[in-house]
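Be aware that the sequence shown starts at -10, since it is given in my numbering, and climbs by one per residue. Input: a single structure, listed below in structure tokens.
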Amino acid sequence: MSNDAHRLFHDTLQRYERPLIRYAMNLVGQLDDARDIVQDVFMKFSQTMHTIDTERLAPWLFTVCKNRATDHLRKHHRVTLMETETLDLEESASPRPGFAMEQQETAEQLRRMMDKLPAKQREAVHLKFIAGLSYKEISDTMKTSVGNVGCLIHHAVQTMREQWLVLDAQPQRAA
């Protein structure tokens, strides 16, 4: 592997490993399986990176990841996606335990709201806000137009906002 190829691989690994693990985790529901899938993605990347257009790298990585996850689910006869577990790859810098618990509860509530979204909206939101892809990269990954990506994300965020407002208006339970 040349120095340029080695650098490209290293930079790609640094930038996309965690977002790909989160994405795979969302698809298969098991952290160990998600890590294995992402390892397969990077193995394939290392074998074919000389043929990949670097402008389309993120869509390529996420598409391969989605395909590997789908293959994994088929192989293990998992027709429906399992409920996702909390994936904490980074420790909180907050010294206040109550704050960390509030964040965890908020994240869990948002995950439950995302789980209720239609599959395409859920995937678009995940790719945008969890994986950090651009609308163009999402459209390439999902094989749809950039306009449709915007529409999917807009409707998903609007639905989640309405659910949040309803939840926020409910009286708090006494501890």
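Glycine included, every Cβ here is placed at the ideal spot set by N, Cα and C.
With a beta-carbon spacing of about 4 angstroms, ALA145 and GLN110 fall inside the 8 angstroms limit used to define contacts. In the pairwise beta carbon analysis, the segment 34 to 44 is classified as not touching the segment 104 to 118: fewer than three pairs are separated by under 8 angstroms. For the pair THR130 and THR52, the CB atoms are nearer than the 8 angstroms cut-off. The three-state secondary structure of ILE119, taken from DSSP, is helix. The beta-carbon distance between GLN98 and LEU156, rounded to whole angstroms, is 7 angstroms. This is short enough to meet the 8 angstroms contact definition. Residue environment: MET32 is assigned as exposed (fewer than 16 neighbouring CB atoms within 10 Å of its CB, all protein chains considered).
The Cβ atoms of ARG57 and ILE26 sit closer than 8 angstroms to each other.
Taking the CA atoms as reference points, PRO48 sits about 30 angstroms from GLN152.
Here ASN15 is buried, its C-beta having at least 16 other C-beta atoms within 10 Å.
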